[in-house]
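Engineer: One structure, as C-alpha cells, below. Some questions next.
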Amino acid sequence: MKSHTILKKVATTILTMVFITTAVLLAYVPKVEAQLPLPPGVPRGDVLIMGKEYYGANPDPFNFNYIVPGNPSPGDKGYSQLCAAYLWYVNTTSAAIISWLAASPPEYSQDFKTITIRLRQGVYWNDGHPFTADDVVYTIKLYSTDSRTTYYTTFSEWVEDVNKIDNYTIIIKLKNSNPRFHYFLTVIIYDTAPILPKHVWEKTDVMTFKNYPPVCIGPYNLKAVDSGGLWFLWERYEAWWGTKLYGMRPAPKYVLVISYGTEEKDALAMSKHELDSTIAFSPENFEFVWKTIPEYVGVWRNKPPYAWPFDACVKGVIFNVLKYPFNLTEVRKAIIHALDYRILIDAFKGPDGAMPIPTVLPIVRYVHAEPRFYIPLKDELMKLGLDPDPPMEIVSYLKPLGFDPAIVWYRHDTQESERLLKSVGLYRGPDNLWRLPTGEIWTVELFYNVEEPGFPKMAAVVTDQLERFGIKVEPRSVDTGTYWTKYARGDFGFGLGYPGCSLLDDLLPHIMSWNSKYFNPEFPETGWAGYKFPERQELDEILDTIERTPPWKEEALLELYRKALLIWAKQLPWAGFFPIPFYSAYNSYCWENWPSYPENYYMDPVYWWAQMQFIVLQLRPSGKCPIEEATTPGKPPILPLEMPTPTPTPATTITVIVATTVSTTVVSTATVTQTVTEWTTTTVLAVVLALVGLIIGRLTKKGRG
Amino acid sequence: MKTIYYFFLRIITFILTILLSFTLIFIILQFVPASIVELLIASYRSKGQYYDPKAIIELRERLYELFGLGGNIVDQYFRFLNRFVLLEFGSSLIAFPTPVKEIIALRLPWTVGLLSITAIISWIMGNILGVLASERSSAISRTLRAIAVTLYPIPYYIFALVLIFIFSYLIPLFPLIGGITTVSPSLTIYDMVYLIKSSILPALSIIIVSGFGWWFLSSSSLAQVVQNEDFYKFAILRGLSSNLILKRYTLRNVILPQITALGLALGGIFSGALLVEVVFAYPGLGYLLYRAILGGDIPTTLGILSLSVIGVSAATLILDLIYPLLDPRVRHR
Chain A
1006 MKSHTILKKV ATTILTMVFI TTAVLLAYVP KVEAQLPLPP GVPRGDVLIM GKEYYGANPD
1066 PFNFNYIVPG NPSPGDKGYS QLCAAYLWYV NTTSAAIISW LAASPPEYSQ DFKTITIRLR
1126 QGVYWNDGHP FTADDVVYTI KLYSTDSRTT YYTTFSEWVE DVNKIDNYTI IIKLKNSNPR
1186 FHYFLTVIIY DTAPILPKHV WEKTDVMTFK NYPPVCIGPY NLKAVDSGGL WFLWERYEAW
1246 WGTKLYGMRP APKYVLVISY GTEEKDALAM SKHELDSTIA FSPENFEFVW KTIPEYVGVW
1306 RNKPPYAWPF DACVKGVIFN VLKYPFNLTE VRKAIIHALD YRILIDAFKG PDGAMPIPTV
1366 LPIVRYVHAE PRFYIPLKDE LMKLGLDPDP PMEIVSYLKP LGFDPAIVWY RHDTQESERL
1426 LKSVGLYRGP DNLWRLPTGE IWTVELFYNV EEPGFPKMAA VVTDQLERFG IKVEPRSVDT
1486 GTYWTKYARG DFGFGLGYPG CSLLDDLLPH IMSWNSKYFN PEFPETGWAG YKFPERQELD
1546 EILDTIERTP PWKEEALLEL YRKALLIWAK QLPWAGFFPI PFYSAYNSYC WENWPSYPEN
1606 YYMDPVYWWA QMQFIVLQLR PSGKCPIEEA TTPGKPPILP LEMPTPTPTP ATTITVIVAT
1666 TVSTTVVSTA TVTQTVTEWT TTTVLAVVLA LVGLIIGRLT KKGRG
Chain B
201 MKTIYYFFLR IITFILTILL SFTLIFIILQ FVPASIVELL IASYRSKGQY YDPKAIIELR
261 ERLYELFGLG GNIVDQYFRF LNRFVLLEFG SSLIAFPTPV KEIIALRLPW TVGLLSITAI
321 ISWIMGNILG VLASERSSAI SRTLRAIAVT LYPIPYYIFA LVLIFIFSYL IPLFPLIGGI
381 TTVSPSLTIY DMVYLIKSSI LPALSIIIVS GFGWWFLSSS SLAQVVQNED FYKFAILRGL
441 SSNLILKRYT LRNVILPQIT ALGLALGGIF SGALLVEVVF AYPGLGYLLY RAILGGDIPT
501 TLGILSLSVI GVSAATLILD LIYPLLDPRV RHR
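In order, the protein sequences belong to chains A and B. When the count follows my numbering, it moves up by one through the first sequence with no breaks and lands on 1710 for the last residue. When the count follows my numbering, it moves up by one through the second sequence with no breaks and lands on 533 for the last residue.
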C-alpha cells in the first residue's frame, strides 16, 4: 500500500474523530458558571469574583500564616479582605480612623508610654470562641518575644509589657514615649499586624504552623483552595458577629479570588462577566473592557475619566544624593527643569481621557491632603519654580475634580537648566553634549524596575527629554528583585522610583526616615537621610518634634509638616511626577453599589487591601445574574464607638464613617433562571460539522473510486 | 565484560554530570543580583506596614539569619550540597518556611502529567505524519508541509492567545484557566472530566506547535535524507513493498535520532513550560522557577533545577543503556 494511501486513511480517521467530537460538543452548551470552580449548582449571581493580587499561581496556596517572613501578601488569597479583621482601619477617602475590633480609638497617657485599648464586646471568632483581651495580649507578647516573626523587630523595640485589665481592656506599657504606637495595629495601606486567636496559635510552632484552614473573624470562612494556587473560594458565615450584633451582612454568598493567568485573560474574563473586580488593568486592556461592556465598567468614577489617581506612591525620578554629581542641588534642579511634565502627563493619558494628577510634593495629592498641604504651600512652591502658566487642558481637568489647577509641576525651562549646570562647572561640548568639569561626556545611567507598571514608558519619555537637552542617557532596566537590592544599597545614581508614599495626613510614618539619626550607611537608598545641607539640623529638629507630638494635635503638626515638606522641596532629593493612574476596574453586571467618586465615595477602589471588606459589605445584587442565596446587604458598616465615661485623657480624635448611599431596600431573593444559549457557539459548530462531513465524504468517494 | 564496562562507565558519567551541573548552577546563582531579603523589605514597606527605620535595620539582619544566607560562599555550597544529596532543599524563601520539596510536590504532577503526555502524543503524531508526508508528490503531503512550515515560526505566546481567544472567549468551549480542579477534588467522573477539559487547550497548544512544528519537520527532513540513500533505492529496485520499505528502512532509520530527542525532551520536562503556564494559568513548575529566580530564592531554584538535571541525566543514561538494543551497530561495537 502506498504511503499516500496510508496518509489518506490517517487523515480520514482524524477527521471522523473531529466530526464526532464536534457533534458531541454541539449538544453541550456550557453555562457561564460551569466554567468557574464553584460548588455544583451555585449560580453566578451568588458569587463575587475578585482578581488575585498577583497573576499566576501562589507558591504555597495552603499557607495562611502571615506572621513569618516569606508570605507578605495576605491580600493575594483574600485573607485580609474577607477573613481577618483588625483593631483599626484608615478610611482611604478621609484618612480617618475606623474603630473595628477596637471599640474606640486608643487612649494614651500624658507621657505617651501607656496605651489603653478597649475591645468591642460581643465579638467572636468564627469557630465560636469569644474575641477577648487574651487574644490581643497573646498576639502582642508573641510579636515582642518571638524573633522569628515578621513583627518582632518593631514590637520588641517598643513594648515593655502588655496585660489585660478585664476581658475587654488591655494596657500596653512602652519602653519609650510613642504617641503613634497604635499605627502598628492599624490598617493604613494594605494591611497590618493581625490579631491572632490565642486558642489556635498557642498550641503551635509559628514557623511550621500553616494556619490552614484559618479561623476567621471576618464575614467569610475559607471554603476551598485550588492546590495549584490559582483560586480561593470563601463562603459567607451566616452567624458572623457583625450580623448578630449590628445587622451587617454581606450580600455575596461566595467570594472567589482568582487569577486567570495574565492581564489579557483577566480582561477577557471581565468582558464575559466572569470577573467583578481587578487590581489594575493597563490602559490598553481597560480600553478593551470599556469598549466591550461600557454600561457596566467603572473604576474610581463610573463615567470617564475613570482612572483612580491616588495610588499610594508618587512615581518619578530619584537621585542618589551621596554620589557626584547628583549630590549637587543645582544638578538635580537642572534635570528637573529639563523635563517637560506636560509631555509626561500626555504620555500617561488614558483612553478614557483620564490624566495623572501632577504631584509636586512627596505625598499623594488626596482629596484630604490638598487643603492641608498643597494649597497652604502654593506660594512657596511657586517661588521654587512651578509652572505659572499650566496648559488649559490640565487646568480644566484638575478643577472639576477638586484640585487647585494652579499647582502643577516644575516649569520646563532649559535655559534655567543650562544656567544651573554651568554654575557648577558642567559645560556643553562642541557636539552639544554636556560634559563634566573633567572633560568627559556626562553619561547618566537611568536605573529602573522594568516590571513596575508605568516605568518603561516613563523611562522612555525621560530618556528622550534629557537627550534632547544634551544629556547622554543609558537606560538600565532590571527586574524587581535586582531593583530593590540595588536601591537599598544605593547602587545607582539616577533612576525612577517612589520614595514618596502616603495615605495619612499625619505624615510621620511616611517621612520619619528623613531624619539623619536613622541613616544607615550600609543601606542608604537615596541617601537623603545622610545628606548634609544647610537646613539639615532644622529638618532633624522638626522631625524629632513631630515624633513627640501626638497625631491628634493636628494644627501644630500641620505647621511642622509643611516646614519639613518645604525643606524637602528646596533640596529635591527626588521628584515624583504623579501616581500612575490605576484602572482598578469593577464590573457592575452582577454586583452594584461599588464606590464611585464623588456621588458614592465611601472607599477607594482598593480591592486588594484589607479595606475591601467595607466594599464587600455594601455591594448588592444587580438582579441581572441568577441568584439563590445572595441577599441585599444588611446595615452599613458603621459601628458605634464605645467610649467609657468619663473619657480618660487625652481625648483622641474621633471620627465616624458615614456611608452615604447604602440602600436598605429589601430585594426579593426568588431564584431567577436564565437560559444561556450561546448562539455563536452553536452556529460555528454546525458549520464546522458540515465542512468536516463534506471533506470526509469526498475522501471516501475518492478512495472507492 | 565489554558490556559491563560500558554500563559502568555510563553510570559514573551520570553521577559526575549531576555533581558538576549542581556546582555550576550554584555558582551561576551567586551572580543573580536579586536579594530575597531586600525584596521582602520593599514589599513590606510598599504595602504600608509601618516600620520605623531602626526596625528595618534589625529586620534585615534577622531575615539574612533566618533564611540561612549568612556565612561565606564555601559554607553555603557544602550546606546546599549536603541538602541536595539528601534531596532536602530546605525552606523555600518565596514561601517561607514551606519546604521546597512540598511546593515542588504540589506542582510536579501537573507538569509531569501535561508535558509527558503532550510530548509523547506530539512525538508520535509528528513522526508518523512527517514520515508519511515525506513524499513530495501527494497533495495531502504538500498541504501538511505547508501547514507545518506556517505554524513553526509563529511565536508560541501568540498562538496560545489566539487559541484562548477563539475557544475560551468567542466560542466558550473551555474555561479561561487550565489545570484547575473542582471545589472538592476527588476521583469522580465530574472532576475527571473537568480536569481534562481545563487541560485540553494547553495540551492542544503544545501538541500543535511541537508536534506539527518541530517533530513533523525534523522527521520529514530525516525521511527525505533516508530516501536519498543507496540502500533505499536498492530496496525499491528489489521490488519490496512500499509498506515494508516504510517500516523497515525509513521509519527505523528516522526513529533512532528521534528517540534520543524524545528522551531528552522527557528528561527536560521537570523545568516546566513557563509560557504555557503563564498564558493558560496552569500550576506547573515553570512559573515557580521563574518566580524563584527573580526573587533570589536559591533553595527553590536549586531544587527545581536539580530535578531537571537529574531528569535529563537519567534520560541520557537510559538512552545510552538501551541504545544497543535499538541500533545493531552500537551492539556490534
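A virtual CB, placed ideally from N, CA and C, is assigned to each residue, including glycine.
Using 8 Å as the Cβ pair cut-off and three pairs as the minimum, do the stretch 1069-1089 of chain A and the stretch 1099-1111 of chain A touch?
Structural biologist: The stretch 1069-1089 of chain A vs the stretch 1099-1111 of chain A: no contact.
Engineer: Per the DSSP calculation, A/Tyr1148 is bridged to which residue(s)?
Structural biologist: What you label residue 1148 of chain A is simply residue 143 of the first sequence in a count that begins at 1. Answer is none; A/Tyr1148 lacks a bridge partner.
Engineer: Taking any Cβ of chain B, which residues in the stretch 1330-1355 of chain A have a Cβ under 8 Å from it, in chain order?
Structural biologist: Answer set for the stretch 1330-1355 of chain A: empty.
Engineer: Along the chain, where does the beta strand (DSSP E) that runs through B/Trp323 open and close?
Structural biologist: Walking along the second sequence from the start, residue 323 of chain B turns up at place 123. No beta strand (DSSP E) holds B/Trp323; the alpha helix (DSSP H) holding it covers Val300 to Leu332.
Engineer: So, using beta-carbon positions, are B/Val479 and B/Leu361 closer together than 8 Å?
Structural biologist: The residue labelled residue 479 of chain B in the question sits at position 279 within the second sequence. The residue labelled residue 361 of chain B in the question sits at position 161 within the second sequence. Going by C-beta atoms, B/Val479 is nearer than 8 Å to B/Leu361.
Engineer: Is it true that the stretch 1262-1269 of chain A meets the stretch 1240-1251 of chain A, where meeting means three or more beta-carbon pairs spaced less than 8 Å apart?
Structural biologist: With the cut-off at 8 Å, the stretch 1262-1269 of chain A and the stretch 1240-1251 of chain A do not touch.
Engineer: Where are the beta strand (DSSP E) runs, 3 residues long or more, that stay fully inside the stretch 1445-1524 of chain A, in chain order?
Structural biologist: You should have 1448-1454, 1477-1483 and 1499-1506.
Engineer: By the DSSP assignment, the alpha helix (DSSP H) with B/Lys202 in it spans what residues?
Structural biologist: Position 2 of the second sequence, counted from the first residue, corresponds to residue 202 of chain B. Per DSSP, B/Lys202 belongs to the alpha helix (DSSP H) from Lys202 to Gln230.
Engineer: Using a cut-off of 8 Å between C-beta atoms, extract the partners of A/Glu1264 located in chain B.
Structural biologist: Along the first sequence, one-based indexing puts residue 1264 of chain A at 259. The displayed chain sequence assigns Ser, not Glu, to residue 1264 of chain A. Those are Ile377 and Ala481, listed as they occur along chain B.
Engineer: A/Trp1489 versus chain B: which residues are under 7 Å apart at the beta carbon?
Structural biologist: Stepping through the first sequence from its first residue, residue 1489 of chain A is reached at position 484. Going along chain B in sequence order, the residues near A/Trp1489 (Cβ under 7 Å) are Glu238, Leu239 and Ala242.
Engineer: Where does B/Phe470 sit, in a helix, a strand or coil, going by DSSP?
Structural biologist: Numbered from its first residue, the second sequence carries residue 470 of chain B at position 270. In this structure, B/Phe470 counts as helix in the three-state DSSP scheme.
Engineer: To the nearest angstrom, how far is the alpha carbon of B/Leu521 from that of B/Ala473?
Structural biologist: Your numbering for residue 521 of chain B matches position 321 in the second sequence. Your numbering for residue 473 of chain B matches position 273 in the second sequence. Taking the straight line from one Cα to the other gives about 28 Å.
Engineer: A/Leu1087 and A/Pro1224: beta carbons closer than 8 Å?
Structural biologist: Position 82 of the first sequence, counted from the first residue, corresponds to residue 1087 of chain A. Position 219 of the first sequence, counted from the first residue, corresponds to residue 1224 of chain A. Yes; because the gap between Cβ atoms is below 8 Å, this pair is in contact.
Engineer: B/Phe296 touches chain A at which residues, Cβ-Cβ below 8 Å?
Structural biologist: By 1-based counting over the second sequence, the position of residue 296 of chain B is 96. Val1073, Pro1074, Gly1075 and Asn1076, listed in chain order.
Engineer: Should A/Thr1658 be flagged as near chain B, meaning a C-beta pair shorter than 8 Å?
Structural biologist: As a first step, residue 1658 of chain A is located in the first sequence; it is residue number 653 there, counting from the start. Any reading at A/Thr1658 must be qualified, since the residue scores a pLDDT of 38, below 50, and its modelled position is unreliable; the value itself is stated next. No, no contact with chain B.
Engineer: What does A/Lys1169 pair with, by DSSP beta-bridge criteria?
Structural biologist: On the first sequence, position 164 is the one that residue 1169 of chain A refers to. In the DSSP output, where bridge partners are listed per residue, A/Lys1169 has A/Ile1175.
Engineer: In the DSSP output, which residue or residues are listed as bridge partners for A/Trp1439?
Structural biologist: What you label residue 1439 of chain A is simply residue 434 of the first sequence in a count that begins at 1. Paired residue(s): A/Arg1433.
Engineer: Identify, in the order they occur along the chain, each residue of the same chain with its Cβ nearer than 8 Å to the Cβ of A/Gly1459, setting aside the five sequence neighbours on each side.
Structural biologist: As a first step, residue 1459 of chain A is located in the first sequence; it is residue number 454 there, counting from the start. Closer than 8 Å at the Cβ level, and outside the excluded window around A/Gly1459, lie Lys1320, Phe1353 and Ile1585.
Engineer: Using the beta-carbon of each residue, which ones in chain B are nearer than 9 Å to A/Arg1153?
Structural biologist: Numbered from its first residue, the first sequence carries residue 1153 of chain A at position 148. Those are Arg262, Leu266 and Pro297, listed as they occur along chain B.
Engineer: Taking the C-alpha atoms as reference points, what is the distance between A/Ile1120 and A/Trp1163?
Structural biologist: Looking up residue 1120 of chain A in the first sequence gives position 115. Looking up residue 1163 of chain A in the first sequence gives position 158. Approximately 12 Å between the Cα atoms of the pair.
Engineer: Could you please tell me which residues of the stretch 1227-1238 of chain A, in chain order, have their CB closer than 8 Å to any CB of chain B?
Structural biologist: Correct list: Lys1228, Ala1229, Asp1231, Ser1232, Gly1233, Gly1234, Leu1235, Trp1236 and Leu1238.
Engineer: Step through the CB atoms of chain A and report whether any lies within less than 8 Å of the CB of B/Tyr432.
Structural biologist: One-based indexing of the second sequence puts residue 432 of chain B at position 232. By this cut-off, B/Tyr432 is not an interface position.
Engineer: Under 8 Å between the Cβ atoms of A/Phe1408 and A/Glu1385?
Structural biologist: Walking along the first sequence from the start, residue 1408 of chain A turns up at place 403. Walking along the first sequence from the start, residue 1385 of chain A turns up at place 380. No, these two residues do not count as a Cβ contact at 8 Å.
Engineer: What residue ranges within the stretch 1604-1642 of chain A form continuous alpha helix (DSSP H) runs of no fewer than 4 residues, ordered along the chain?
Structural biologist: Within the stretch 1604-1642 of chain A, the complete alpha helix (DSSP H) runs of at least 4 residues are 1617-1621.
Engineer: Taking the C-alpha atoms as reference points, what is the distance between A/Pro1610 and A/Phe1160?
Structural biologist: Within the first sequence, the letter at position 605 stands for residue 1610 of chain A. Within the first sequence, the letter at position 155 stands for residue 1160 of chain A. Computed Cα separation, rounded: 31 Å.
Engineer: Starting from the beta carbon of A/Glu1279, find every residue of chain B whose beta carbon is closer than 8 Å, and list them in chain order.
Structural biologist: Working through the first sequence from its first residue, we reach residue 1279 of chain A at position 274. Result: Leu376.
Engineer: Does the distance from the CB of A/Pro1556 to the CB of A/Arg1185 come in under 8 Å?
Structural biologist: Position 551 of the first sequence, counted from the first residue, corresponds to residue 1556 of chain A. Position 180 of the first sequence, counted from the first residue, corresponds to residue 1185 of chain A. In contact: A/Pro1556 and A/Arg1185 (Cβ atoms closer than 8 Å).
Engineer: Does the beta-carbon of A/Glu1112 have 16 or more other beta-carbons within 10 angstroms, so that it is buried, or is it exposed?
Structural biologist: The sequence position of residue 1112 of chain A within the first sequence is 107, counting from 1. A/Glu1112 is buried by the Cβ-count criterion.
Engineer: Relative to the C-alpha of B/Val512, which residue among B/Leu519, B/Leu464 and B/Thr500 is closest?
Structural biologist: Taking the second sequence and counting its residues from 1, the one referred to as residue 512 of chain B is at position 312. Ranking B/Leu519, B/Leu464 and B/Thr500 by Cα distance to B/Val512 puts B/Leu464 first.
Engineer: By the 10 Å Cβ neighbour count, where 16 or more other Cβ atoms means buried, how is B/Pro355 classified, buried or exposed?
Structural biologist: Position 155 of the second sequence holds residue 355 of chain B. Exposed, since its Cβ has fewer than 16 Cβ neighbours within 10 Å.
Engineer: Identify every run of the beta strand (DSSP E) within the stretch 1197-1236 of chain A, keeping only runs that are complete inside it and at least 3 residues long; order them along the chain.
Structural biologist: Entirely contained in the stretch 1197-1236 of chain A, the beta strand (DSSP E) runs reaching 3 residues are, in chain order, 1225-1230.
Engineer: Which residue from A/Asn1096, A/Pro1110 and A/Val1230 puts its Cα closest to that of A/Phe1069?
Structural biologist: Translated into the one-based positions of the first sequence, residue 1069 of chain A becomes position 64. That would be A/Val1230, whose Cα lies nearest to the Cα of A/Phe1069.
Engineer: I believe A/Ile1072 touches A/Val1211 by the beta-carbon criterion, under 8 Å. Please report the beta-carbon distance rounded to the nearest angstrom.
Structural biologist: Numbered from its first residue, the first sequence carries residue 1072 of chain A at position 67. Numbered from its first residue, the first sequence carries residue 1211 of chain A at position 206. 6 Å between Cβ atoms; contact.
Engineer: For A/Gly1303, does the three-state DSSP call read helix, strand or coil?
Structural biologist: Locating residue 1303 of chain A in the first sequence gives position 298, where the first residue counts as 1. It is a strand residue.
Engineer: If I measure Cβ to Cβ from A/Val1302 and keep anything under 7 Å in the same chain, skipping five residues before and after, which residues do I get?
Structural biologist: Stepping through the first sequence from its first residue, residue 1302 of chain A is reached at position 297. Excluding positions up to five away in sequence, the list reads Val1294, Trp1295, Ala1590 and Asn1592.
Engineer: Mind reading off the beta-carbon distance from A/Leu1238 to A/Leu1261? Whole number of angstroms is fine, and I expect it under 8 Å.
Structural biologist: The residue you call residue 1238 of chain A lines up with position 233 of the first sequence. The residue you call residue 1261 of chain A lines up with position 256 of the first sequence. With 8 Å as the limit, A/Leu1238 and A/Leu1261 qualify as a contact, their Cβ atoms being about 5 Å apart.
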